[in-house]
Amino acid sequence: MRILVVGSGGREHALCWKIAASPLCDKLYCAPGNAGIAAEAECVAIGVDDIPGLVKFAREKAIDLVVVGPEAPLVAGLADALEAAGIPTFGPSAKAAELEGSKGFMKDLAAKYAVPTAAYRRFRAPAPAKAFAATLGLPVVIKADGLAAGKGVVIAQSRTEAEAAIDAMMTDRQFGEAGAELVVEEFLQGEELSFFALCDGAHAIPLASAQDHKQVGDGDTGPNTGGMGAYSPAPVATPEIERRIMEEIIRPTVQGMAAEGRPFKGVLFAGIMVTEGGPKLIEFNVRFGDPECEVLMLRLKSDLVPALIAARDGTLKNFDLRWFDDAALCVVMAAKGYPGRPETGTVIGGLDAAATIRDVAVFHAGTKQNDKGEIVAAGGRVLAVAASARDVASAQALAYQAVDAVQWPGGFCRRDIGWRALARGK
1 MRILVVGSGG REHALCWKIA ASPLCDKLYC APGNAGIAAE AECVAIGVDD
51 IPGLVKFARE KAIDLVVVGP EAPLVAGLAD ALEAAGIPTF GPSAKAAELE
101 GSKGFMKDLA AKYAVPTAAY RRFRAPAPAK AFAATLGLPV VIKADGLAAG
151 KGVVIAQSRT EAEAAIDAMM TDRQFGEAGA ELVVEEFLQG EELSFFALCD
201 GAHAIPLASA QDHKQVGDGD TGPNTGGMGA YSPAPVATPE IERRIMEEII
251 RPTVQGMAAE GRPFKGVLFA GIMVTEGGPK LIEFNVRFGD PECEVLMLRL
301 KSDLVPALIA ARDGTLKNFD LRWFDDAALC VVMAAKGYPG RPETGTVIGG
351 LDAAATIRDV AVFHAGTKQN DKGEIVAAGG RVLAVAASAR DVASAQALAY
401 QAVDAVQWPG GFCRRDIGWR ALARGK
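Be aware that the sequence shown starts at 1, since it is given in UniProt numbering, and climbs by one per residue.
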């Protein structure tokens with residue numbers, strides 16, 4: 001098969017790494033890719049938002065399967081355009097991708113189909129949003145309705161902070177049009193979990209569990225980011241919790257989307273809060289998480305490509321995936337200044353030394369080659385250093401050994417990825 005992966009982050013590097021290992025893959029392209037992905041695939045200088053360009057390239061190269069990594073092109077209709085051109089695509093239609101494209105739509109769907117989630121209301125003006133926020137306990141959650149690159153959520157600890165967040169999103173347009181509408185909702189107490197399921201429009205099969213670390217600093221401090229690290233499996237995801245997530249959240253959503261005329265095909269990523277009363281839905285994403293994808297790909301024993309095809313073709317009903325028992329852990333190395341304005345162009349050394357450590361994979365998230373052929377930072381989250389081992393503690397030690405082999409004064413990382421699993425073990 002000739003396969004095209006769309007995207008340029010650590011998630012896409014992990015997907016390319018796994019797809020390249022498939023005996024079904026004869027030729028692999030990635031658009032636009034990055035300096036690390038170039039080792040797995042032929043990178044093509046087409047942006048993820050260039051839908052006509054991607055369709056034209058897929059036609060010219062007789063691509064057999066397109067795998068779309070990020071959410072923005074899915075929300076914009078990339079899968080629809082490719083399928084209309086006769087190109088099989090893994091990823092939901094624009095109508096189905098609204099599960100991530102609009103938090104308000106997602107919450108309304110959950111309410112309609114009795115999916116357990118936090119109490120909420122939608123607003124298009126600041127005053128009523130502030131009034132409703134005042135009726136909820138603290139902390140209170142303020143969410144931009146549209147796509148905000150994982151940063152459009154504020155967990156306000158005071159009324160003042162809640163009102164400031166509403167003004168920043170709705171009046172100051174901190175996230176552009178994504179903040180034209182807001183969702184204000186109650187804060188859920190519990191432990192957060194990343195849960196993934198492959199869906200074919202009618203059926204869903206669970207993937208391995210994972211847990212990520214959203215805040216920038218050790219001890220879960222500082223502002224939220226796109227994710228500073230992850231590990232799998234997540235101890236909080238007991239077999240009973242996983243069963244309830246599938247029965248109470250994933251399957252009702254898949255059935256509800258089909259009933260709404262928006263059948264969901266692709267990977268459904270549920271952000272779950274495991275509360276005292278059981279699992280509740282925080283949000284849906286319509287693509288693999290980043291950095292969760294990196295640890296899932298390390299743990300996946302099965303060939304990924306047939307699973308992606310089965311999801312696209314509607315044949316997941318009797319499909320099965322096998323997983324390694326080992327744990328996997330990933331540490332994100334980010335450029336100084338992230339999640340604000342990252343310092344780009346700084347040279348990164350020691351990548352070969354890190355990658356030669358057994359059971360370690362270094363995925364590139366925001367890198368490029370400069371004129372001298374050196375690898376330099378080209379984004380906020382720059383590397384995802386991942387390792388697999390018999391348990392989370394061993395995988396953590398191995399990942400940080402690899403992190404310490406990377407020579408990059410312009411970068412930083414959290415030093416406590418996996419702390420919840422380790423604390424639970426103690």
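All C-beta atoms, glycine included, are put in the ideal place defined by N, C-alpha and C.
Practice task
Output yes or no for whether 8 Å exceeds the beta carbon distance between A38 and L54.
Solution key: Taking the sequence shown and counting its residues from 1, one reaches residue 38 at position 38. Taking the sequence shown and counting its residues from 1, one reaches residue 54 at position 54. No, Cβ-Cβ distance for A38 and L54 is not below 8 Å.
Practice task
Could I get the ranges of all uninterrupted beta strand (DSSP E) runs contained in the UniProt region "Disordered" (210-233), with 3 residues as the minimum, in chain order?
Solution key: 215-217, 221-224 and 229-232
Practice task
Look at G229 and I417 and say whether their C-beta atoms are less than 8 Å apart.
Solution key: Numbered from its first residue, the sequence shown carries residue 229 at position 229. Numbered from its first residue, the sequence shown carries residue 417 at position 417. The answer is yes: Cβ separation under 8 Å.
Problem - Distance CB(D200)-CB(A311) smaller than 8 Å - result: Within the sequence shown, numbered from 1, the residue matching residue 200 stands at position 200. Within the sequence shown, numbered from 1, the residue matching residue 311 stands at position 311. Yes, the Cβ-Cβ distance between D200 and A311 is below 8 Å.
Practice task
May I have the straight-line CA-CA distance separating V286 from P126, to the nearest angstrom?
Solution key: On the sequence shown, position 286 is the one that residue 286 refers to. On the sequence shown, position 126 is the one that residue 126 refers to. Between the alpha carbons of V286 and P126 lies a gap of roughly 28 Å.
Handout entry: Continuous beta strand (DSSP E) assignments of at least 3 residues falling wholly in the stretch 128-203
Key = 140-144, 153-156, 182-186 and 191-200
Exercise for the section: Would you check if the distance between the CB atom of G152 and the CB atom of A178 is smaller than 8 Å? Expected result: Looking up residue 152 in the sequence shown gives position 152. Looking up residue 178 in the sequence shown gives position 178. In this structure, A178 lies closer than 8 Å to G152 by Cβ.
Handout entry: Alpha carbon of A395 to alpha carbon of C25, nearest angstrom
Key = In the sequence shown, the residue the question calls residue 395 occupies position 395. In the sequence shown, the residue the question calls residue 25 occupies position 25. Cα to Cα, A395 sits roughly 29 Å from C25.
Exercise for the section: Can you grab the Cα-Cα spacing for the pair I166 / D145, in whole Å? Expected result: Residue numbering aside, residue 166 sits at position 166 when the sequence shown is read from its first letter. Residue numbering aside, residue 145 sits at position 145 when the sequence shown is read from its first letter. Near 12 Å, if we compare the C-alpha coordinates of D145 and I166.
Handout entry: C413 (DSSP reduced to helix, strand or coil)
Key = Here residue 413 refers to the residue found at position 413 of the sequence shown. For C413, the three-state secondary structure derived from DSSP is coil.
Handout entry: Own chain, CB closer than 7 Å to L281, minus 5 neighbours either side, in chain order
Key = Locating residue 281 in the sequence shown gives position 281, where the first residue counts as 1. A110, V115, P116, T117, I249, A270 and I272, listed in sequence order.
Problem - Host alpha helix (DSSP H) of F105 (start-end) - result: To locate residue 105, count along the sequence shown from 1; it is residue 105. Bounds of the alpha helix (DSSP H) holding F105 are K103 to K112.
Practice task
Please name the residue or residues paired with V360 in a DSSP beta bridge.
Solution key: Along the sequence shown, read from residue 1 onward, the residue named residue 360 stands at position 360. Paired residue(s): A387.
Practice task
Just the C-alpha distance for D172 and A35, rounded to the nearest angstrom, thanks.
Solution key: To locate residue 172, count along the sequence shown from 1; it is residue 172. To locate residue 35, count along the sequence shown from 1; it is residue 35. Their Cα atoms are separated by approximately 36 Å.
Practice task
Would you list the residues sitting across from Q369 in a DSSP beta bridge?
Solution key: Within the sequence shown, the letter at position 369 stands for residue 369. Note: Q369 sits in a beta bridge opposite I375.
Problem - 7 Å Cβ shell around L304 - same chain, five flanking residues per side excluded - result: Mapped onto the sequence shown, residue 304 falls at position 304. These residues qualify, in order along the chain: K18, I19 and S22.
Exercise for the section: State the CB to CB distance for the pair A387 and V360, rounded to an integer number of angstroms; the pair is presumed to be in contact (CB under 8 Å). Expected result: Counting from one through the sequence shown, the residue named residue 387 turns up at place 387. Counting from one through the sequence shown, the residue named residue 360 turns up at place 360. Indeed they touch by this definition, with Cβ atoms about 5 Å apart.
Practice task
Check whether the Cβ atoms of R415 and D218 lie closer than 8 Å to each other.
Solution key: Along the sequence shown, read from residue 1 onward, the residue named residue 415 stands at position 415. Along the sequence shown, read from residue 1 onward, the residue named residue 218 stands at position 218. Their beta carbons are under 8 Å apart, which means R415 touches D218 by this criterion.
Handout entry: Rounded straight-line distance, which links the Cα of E60 to that of E192
Key = Sequence index remark: in the sequence shown, residue 192 carries index 192 (1-based). Sequence index remark: in the sequence shown, residue 60 carries index 60 (1-based). Looking at the two C-alpha atoms, the distance is approximately 44 Å.
Exercise for the section: Could you spell out where the alpha helix (DSSP H) holding G9 opens and where it closes? Expected result: Here the question's residue 9 lines up with position 9 in the sequence shown. Premise fails: G9 is in no alpha helix (DSSP H) and is neither H nor E.
Problem - L74 versus P92: straight-line alpha-carbon distance, rounded - result: The residue you call residue 74 lines up with position 74 of the sequence shown. The residue you call residue 92 lines up with position 92 of the sequence shown. In a straight line, the C-alpha of L74 is about 7 Å away from that of P92.
Handout entry: Residue from E247, R243 and V140 with nearest C-alpha to A162
Key = Here residue 162 is taken as the residue at index 162 of the sequence shown, counted from 1. Closest option to A162, judged by alpha-carbon separation, among E247, R243 and V140: V140.
Practice task
Please classify D212: is it buried, with 16 or more other beta-carbons within 10 angstroms of its beta-carbon, or exposed?
Solution key: Residue 212 sits at position 212 when you count from the first residue of the sequence shown. Burial call: buried.
Handout entry: Beta-carbon proximity check, V376 vs A365, cutoff 8 Å
Key = Residue mapping note: residue 376 aligns to position 376 of the sequence shown, counting from 1. Residue mapping note: residue 365 aligns to position 365 of the sequence shown, counting from 1. No, the Cβ-Cβ distance between V376 and A365 is not below 8 Å.
Exercise for the section: Alpha carbon to alpha carbon, how far is G10 from L321? Give it in angstroms, no decimals. Expected result: Position 321 of the sequence shown holds residue 321. Position 10 of the sequence shown holds residue 10. Going from the Cα of L321 to the Cα of G10 covers about 23 Å.
Practice task
Determine the extent of the beta strand (DSSP E) in which F284 is found, giving its start and end residues.
Solution key: Walking along the sequence shown from the start, residue 284 turns up at place 284. Taken as a continuous stretch (DSSP letters only), the beta strand (DSSP E) holding F284 covers G278 to N285.
Practice task
Could you check which residue in E240, A384, A131 and D108 has the C-alpha nearest to that of L15?
Solution key: Here residue 15 refers to the residue found at position 15 of the sequence shown. With distances taken between Cα atoms, L15 lies closest to A384.
Problem - Of the listed residues L316, I3 and P128, nearest to K27 (C-alpha basis) - result: Locating residue 27 in the sequence shown gives position 27, where the first residue counts as 1. Measuring from the Cα of K27, the nearest candidate turns out to be I3.
Problem - Beta-carbon proximity list for W408, same chain, < 6 Å, skipping 5 on both sides - result: In the sequence shown, counting from the first residue as 1, residue 408 sits at position 408. So the list reads I348, once near-sequence residues are dropped.
Handout entry: Test item: CB-CB of A328 and V362 under 8 Å
Key = Counting from 1 along the sequence shown, the entry for residue 328 is found at position 328. Counting from 1 along the sequence shown, the entry for residue 362 is found at position 362. Cβ distance not < 8 Å, so A328 and V362 don't count as in contact.
Practice task
Taking 8 Å as the cut-off, decide whether the C-beta atoms of L300 and A204 are in contact.
Solution key: For the purposes of this step, residue 300 is taken as residue 300 along the sequence shown, with counting starting at 1. For the purposes of this step, residue 204 is taken as residue 204 along the sequence shown, with counting starting at 1. Contact: no.
Practice task
Find the nearest neighbour of A237 within the set K130, A202, V274 and G261, judged by alpha-carbon distance.
Solution key: The residue labelled residue 237 in the question sits at position 237 within the sequence shown. Taking only the C-alpha atoms, the option nearest A237 is V274.
Exercise for the section: Could you name the residues of the same chain whose beta carbon sits closer than 8 Å to that of K130, not counting the 5 residues immediately before and after it, in chain order? Expected result: Translated into positions along the sequence shown, residue 130 becomes position 130. Correct list, in chain order: A162, E163 and I166.
Handout entry: beta-carbon A353 near the ligand NAD non-hydrogen atom, thresh 7 Å
Key = Although the ligand NAD was asked about, the structure shown includes no ligands whatsoever.
Practice task
Evaluate D313 with the Cβ neighbour count: other Cβ atoms within 10 Å of its Cβ, from every protein chain shown; 16 or more gives buried, anything less gives exposed.
Solution key: Along the sequence shown, one-based indexing puts residue 313 at 313. With fewer than 16 other Cβ atoms within 10 Å, it is exposed.
Handout entry: 6 Å CB neighbourhood of G222 in its chain, flanking five on each side removed
Key = Position 222 of the sequence shown, counted from the start, is the residue given in the question as residue 222. Excluding positions up to five away in sequence, the list reads Q215 and V216.
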